[in-house]
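Enquirer: Chains A and B, in that order, give the protein sequences. Residue 66 in numbering that gives the first Met the number 0 is what sits at position 67 of the first sequence, and the numbering runs on without skipping anything. Residue 522 in numbering that gives the first Met the number 0 is what sits at position 523 of the second sequence, and the numbering runs on without skipping anything. C-beta: ideal position from N, C-alpha, C; glycine also.
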Amino acid sequence: MKRTVLDYALKIRLPLTLFVIAASFMLTFYISRPERDGVGYSPEQPIKFSHKLHAGQMAIDCQYCHIGVAKERYALIPSVNICMNCHTVARKDKPEIIKLTQYYEEGKPIPWKRIHKIPEYAYFNHSVHVNKQIDCASCHGDIKEMEIVNQVKPFTMTACLDCHRKPHENLPYLEKVNVGPENCAACHR
Amino acid sequence: MSDFSKSSDKKELWKSLNDYNNDSEVLKFKHDEFLEGVTEDFDPSKLSGLSRRKFLALLSASAALTATACTDYRDKGEIVPYNKRPEEVFPGVANYYASTCNGCREACGILIKTREGRPIKVDGNPEHPINKGKICAKGQASILNLYDPERLREPMAARKHVSWKSVDEDIISALNEAQKNGQEIAIVTGVVTSPTTKKVLDDFTKKYPNTKIYSYALINDQQRRSAWLETYGTIEYPAVKWNEANIILALDADFLGNETGFVENMRKFTERREVVKKTDFNRLYVAEGRMSATGALADYRLRVSPAMQFEFVMALINEFSKRDSALPIDADTKAKIRRYSLAKFYNQVGKEKLDYLLNDLNINRGKSIVYAGDTLSKEVHAAVNLLNELLGNAALYDFASSYKSLLNLSTHKELSQLVDKMKNEKVGVLIHFDSNPVYTLPEDLGYASALKKVKTVVALIEAENESSALGNYTLPINHLFESWGDAYARGGVYSLQQPVISPIFNTRQKEAALLTWIAGDANAFNQELYHNYLMNNFNATIYTKKNSFADAKSFWYSALHDGVVTFDEKSQTTKFNFAAVTNLQTKGATNGFVLHLHNNYYIGEEKFANNGWLQELPHPVSKVTWDNYAAISQSTAKSLGVENDDLIEVKVGNKKLTLPVLVQPGAADNFVSIELGYGRKVIGEVGKEVGFNAVLLMSMNYDSSPYVYSNVSVTKAGGKHKLASTQEHHSLDDTFVKDIHRTRKIIQEGTVERFIKEPDFLHKGEEEKLLGITREHTYTGLKWAMAIDLNKCTSCAACVTACNVENNVPVVGKDQVANGREMQWVRLDRYYSGTPEEPIVSHQPMLCQHCDNAPCENVCPVNATNHSQDGLNQMVYNRCVGTRYCSNNCPYKVRRFNFFNFRDHFADAYYENNLTSLVNNPEVTVRSRGVMEKCTFCVQKIMEARSNAIRDGKELKGSDVVTACQQACPTTAIAFGDSNDPGSPVAKLRNHDLSYHVLEELNVKPNVTYIAKLRNTHSEEIQ
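(1) Does DSSP classify S467/B as helix, strand or coil?
(2) Whole angstroms are fine: how far does the CA of H618/B sit from the CA of C847/B?
(3) Along the chain, which unbroken stretches of the alpha helix (DSSP H) at least 4 residues long are found entirely within the stretch 73-157 of chain A?
(4) Spell out whether any CB of chain D is found under 9 Å from the CB atom of S49/A.
(5) Under 8 Å Cβ-Cβ, which residues of chain B neighbour Y102/A?
(6) Could you check whether the stretch 359-368 of chain B touches the stretch 242-251 of chain B, counting it as contact only if at least three pairs of C-beta atoms, one from each stretch, sit closer than 8 Å?
(7) CA-CA distance, A226/B and F254/B?
(8) Here's a check: name, in chain order, each residue in its chain whose Cβ is nearer than 7 Å to the Cβ of K98/A, leaving out the five neighbours to either side.
(9) Interface residues of chain A around V808/B at Cβ under 8 Å?
(10) Just how far apart, CA to CA, sit Q44/A and K112/A?
(11) Where does N177/A fall in DSSP's three states?
(12) Measuring CA to CA, which of F896/B, S466/B, L353/B is closest to N926/B?
(13) By how many angstroms is the C-alpha of G683/B removed from the C-alpha of N169/A?
(14) Comparing the C-beta of L189/A with each C-beta of chain B, is any distance below 9 Å?
(15) Would you mind telling me which residues of chain B sit closer than 8 Å to G188/A, beta carbon to beta carbon, in chain order?
(16) For a contact meaning CB atoms closer than 7 Å, what does E43/A contact in chain B?
(17) Output the boundary residues of the beta strand (DSSP E) element that contains V938/B.
(18) Would you be able to state if there are at least three C-beta pairs under 8 Å between the stretch 97-111 of chain B and the stretch 112-131 of chain A?
(19) Would you tell me roughly how many angstroms separate the C-alpha atoms of Q508/B and C183/A, rounded to the nearest one?
(20) Does G140/A come within less than 9 Å of chain B when only Cβ atoms are used?
(21) List, in order along the chain, the chain A residues whose C-beta lies closer than 8 Å to that of L871/B?
(22) From the DSSP output, in three-state form, read off A723/B for me.
(23) Using DSSP with H/G/I as helix, E/B as strand and the rest coil, what is Q182/B?
(24) List the endpoints of the continuous beta strand (DSSP E) containing V649/B.
(25) By the 9 Å beta-carbon criterion, what residues does the stretch 85-96 of chain B contribute toward chain A?
(26) Along chain B, in chain order, which residues have C-beta atoms closer than 7 Å to that of K70/A?
(27) Check whether the Cβ of M699/B lies closer than 8 Å to any heavy atom of the ligand NAD, and answer yes or no.
(28) Can at least three beta-carbon pairs, one atom from the stretch 716-730 of chain B and one from the stretch 975-993 of chain B, be found at a separation below 8 Å?
(29) Who pairs with E87/B in a beta bridge, going by DSSP?
(30) Alpha carbons only, please: which of P118/B, I109/B, L143/B is nearest the one belonging to N130/B?
(31) Closest by CA to A173/B, which one among L283/B, V428/B, K680/B, N643/B?
(32) How would you list, in chain order, the residues of chain B whose beta-carbon sits under 7 Å from the beta-carbon of P110/A?
(33) Measure the alpha-carbon distance for S841/B versus L296/B and round it to whole angstroms.
(34) Across which residues does DSSP place H597/B in a beta bridge pair?
(35) Ignoring anything shorter than 4 residues or poking outside the stretch 970-1014 of chain B, list the alpha helix (DSSP H) runs there in chain order.
(36) List the DSSP bridge partners of W612/B.
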């Protein structure tokens, strides 16, 4: 039987093309997954604040600044007056601190870039997690080592549920831990 | 035609005179088809290098590039913390501030919930001794007034925005001029409950001695006050100890619906409707013409038209004087009342009922109360006072908690004098002090036309109204949540009002505006002006009275924190003045129809007519929304040849009003009742032309009461006006639907006698095994459940409104209600049984029953509704695709579908703006089009309680959660909690003999339990 061009197109060219398209889509999909989930996102901030310096080297407790984290839903980005507790005295001559003082004195809030975000229709509560002794690093990564904060883990429903379902695997440092609630109303209402 | 034929001889058509004259130039043009140069060769090289195709390609390429390169798709916006965080504000945590409501003259204590500085919810202040943590639907919804998009934002002079300073200067000079010219300065205010406002008005009078203060309210208690003045010598009438009354006879008194003290009355009344520990029921007789919310709760309802009430009371007195010669009535009076006979009422009311009433009142002397409504004439009130005095019922008066009158209402005589002075240009300045007399005063007074003769008319108001539209200056005032203030409405109770948000617009406190004018200097104003004034007055009057150990400042702050200061008020001993009642009489027999004008339930006198939530609340009895109507009885409707929605014309003297009919079972014959407060002309988009203005029927020259008119003619007017009702008018004579609520056991009721004899009568012999189609699931741990005691439900709709506010329920509008698309998560069902003349009314709050075997769950194709381990029927908006199968399969019909994005759809997106969206509760998702929703058992409150329990290291308990409806219920009819905890109130009610589930035979196992209503009649059967 004579092989026609049509045969070639149907049997080899078409499947090959489809395969390449599908493969490249899948590849891009999986490779870009963390990127799309925001992992590795580290935007430039209005003030070059270093968590590595404050939380790492100077070992200031997270809750000194993030005062809401054990009390309520939001961890709370510190208001400028908390920074000024120290910086009215400390390192007043540094350019970043001058910038900070300027914000404070002009009464302007600092427009920090948001890094971690879950969608508005999910009602996450920090205090519930922190009061169950879950470490900040379990979700936010080792902030103490970060000069500029970036997102380390994906903040998707899959990620939430993974931990809620298998807390022992994900939070090995906790001896006593229950499975988290899996019902819809736990987060959505 | 001739011209045309003439021109056609020479030339057919011409374009210009040159053409007409055959100019050579024109002829040349006509010869050449194209103008010179047009037909030359086309040379692309001469064109610009950028072709159209290239241009478009470039454009799209650059657009695509900008779209991809310039937007950071990972950008998540900014988080902006406070610069200096106010100490008490924690973003994400609510703050509560005590204040005082000024929605009506009750001045209830309120607790305002704010989030990040914006008020989002109002509830009653539990510390307040009168309303004890509960407020009415109006108070609940008053928060929407704060965010009303049509609130006034800037002061206006002659309809133009001006600055406060120039307005102040203008007004001060106008005041000085009026003072100099000897013209009157009139201030027209509503009811004043604030002693400090009163003091400001007094100070104003001191500064400008020509000032006269007028006070008027469309719906007032003036008749009652006059009667008390005459019979007891005090205008401040006492509260009634409803909880101590065994027998209550209410005469056209809606004391549980919307009349004086109704929130407190409801609580005290239902204290005697307790079924859990004791059955010590009171018995409620209601004699009325209309079907009021109180009448709907009556054990015995007597159809007596308001025009006959005087005769009725006198006949009762006569009857008692005949039965008991020891009654302290002098012979003269006795002889006079002889002509009033109860026999006249036998036909209409039934002798049996009257005998029961007489016996009950006789046996329970000193333990019963006869109470006349606010709308009845002072003669009826005086007669009622006499009857109570004779029966020793004065023991139930609580004089220590009397209804204060800081500023007596102006009489009609004073008001007509004012109008005369206005007409003769003797009034220089007229200030509408948060009032709307053009709407509220009877038209025959001629107030509106007289207003034109006043040179300076100032309105201090929140939103434009009929009176401000006719004035020169319209000055915006603060909403109650932005205001300082106080109230002394009841004896021994002084409450404070504090602002919880700084003024959103360029508004001022109305008292501060007066203080600026008192100072006579436009620069005298500052934001603290009235605040300081109030503090000083507080220190001078309240602090000194209390003899507190604390210093003045601490005492002020603690009073502000509590919202209320109580003190012992010596009740003056008042003696009944028998001389006042010896010559009691009213105009006798009447022909034609009797018209009864009365208060509406939810939109108030004028303040709340532009509030969508309140306009959309169904009437407690008729369930009509967005309208008022003429309620008439079935036989009257038949004789007039009209049906529901038909227009009729009501004529009082020469005053006419055309409005639709609602056939109201239980209404008296030849009788029309109409609600006041509707039909506003100058108001925001929501309230404009809603309903019909019955004030037009009111007159200065009434017989005995401004609200009751006799000799009214009613005729069919032709035409229809559709009334939007949330419940069908189950005709009582339609055999298919008649008593369906009883046959299907939706409503189960009994009588007290039966219950005492046989406590388990409801479930006796009920042991059939129900079949289920769902896999059984056991609930260990917490399981949420609700119990609703129908003995206590008065259908006041506080729960519905509280739910609307808490859960961001939108307003849908009249057209959508007519389509059955109202969105309220709680529905107050009303069922009639019996006859159209003597209906028995049953109320039932209906909300998602959170069934264990929920039929909605197994039909959802996308699992958007499912069950949680703590017994909640969850609804996940993000999963919902809007098939509406769940609603179709719900036996209780409690699911609500967003047919539109209602915020956008209602009145051209009236409520979709940056201001109104501030009212939304940030803890609850705002639903959009195509999504199903329903009661969640306030899951946001459950989750908050859970996180608090985890924070505090405690176990979550059922009592930690109070749902919005439960919190709001003035009679504590709603219990909520853990049904697996045998000690919890909800578990106790679930196991009560009277508990039942609606449509129990479906075996869907609802988690909302109802407690069957007991009627306290002289029978074991419901009649």
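Expert: In short:
(1) Looking at S467/B - three-state DSSP - the assignment turns out to be helix.
(2) Going from the Cα of C847/B to the Cα of H618/B covers about 21 Å.
(3) Segments of the alpha helix (DSSP H) lying fully in the stretch 73-157 of chain A: 79-86, 94-105, 125-129, 136-139.
(4) You won't find chain D in this structure, because its protein chains are A and B.
(5) Going along chain B in sequence order, the residues near Y102/A (Cβ under 8 Å) are N82.
(6) When Cβ pairs closer than 8 Å are counted between the two stretches, the stretch 359-368 of chain B is seen to touch the stretch 242-251 of chain B, the count reaching three or more.
(7) Cα atoms of A226/B and F254/B: separation of roughly 18 Å, rounded to the nearest angstrom.
(8) The residues are I46.
(9) The contacting residues do not exist; V808/B stays about 14 Å from chain A at best.
(10) For the pair Q44/A and K112/A, the Cα-to-Cα distance works out to about 6 Å.
(11) Note: N177/A maps to coil in three-state DSSP.
(12) Sequence check: residue 926/B is Arg here, not Asn. Distance check between R926/B and each of F896/B, S466/B, L353/B places F896/B closest, using alpha-carbon atoms only.
(13) Within the model, the alpha-carbon separation for N169/A versus G683/B is close to 57 Å.
(14) Nothing in the structure corresponds to residue 189/A, since chain A is present only between 0 and 188.
(15) Sequence check: residue 188/A is Arg here, not Gly. Within chain B, the residues whose beta carbon sits less than 8 Å from that of R188/A are E922, V923, T924, T935, V938, Q939, M942, listed in sequence order.
(16) The premise fails here: E43/A is roughly 11 Å from chain B at the closest Cβ pair, so nothing lies under 7 Å.
(17) Not the beta strand (DSSP E): V938/B falls in the alpha helix (DSSP H), residues 938-950.
(18) Fewer than three pairs of CB atoms, one per stretch, sit closer than 8 Å, so the stretch 112-131 of chain A makes no contact with the stretch 97-111 of chain B.
(19) The straight-line gap from Cα to Cα measures roughly 46 Å.
(20) The C-beta of G140/A comes no closer than 9 Å to any C-beta of chain B.
(21) Within 8 Å Cβ-Cβ: N182, A184.
(22) Note: A723/B maps to strand in three-state DSSP.
(23) Coil.
(24) In the DSSP assignment, V649/B falls within the beta strand (DSSP E) that extends over 645-651.
(25) Cβ contacts with chain A come from F89, P90, G91, V92.
(26) Per Cβ cutoff of 7 Å: R950.
(27) Judged by which ligands are present, the structure shown has none, so any question about the ligand NAD falls away.
(28) Output reads no: the stretch 975-993 of chain B does not touch the stretch 716-730 of chain B.
(29) The partner list for E87/B (beta bridge, DSSP) is empty, contrary to what the question assumes.
(30) Cα-wise, what sits closest to N130/B is I109/B.
(31) Per the Cα distances, V428/B.
(32) Under the 7 Å cutoff, chain B gives E77, V79.
(33) Taking the CA atoms as reference points, S841/B sits about 8 Å from L296/B.
(34) DSSP lists E674/B as partners of H597/B.
(35) As far as the stretch 970-1014 of chain B is concerned, its whole alpha helix (DSSP H) runs of at least 4 residues are 984-989.
(36) For W612/B, which the question treats as bridged, DSSP gives no partner whatsoever.
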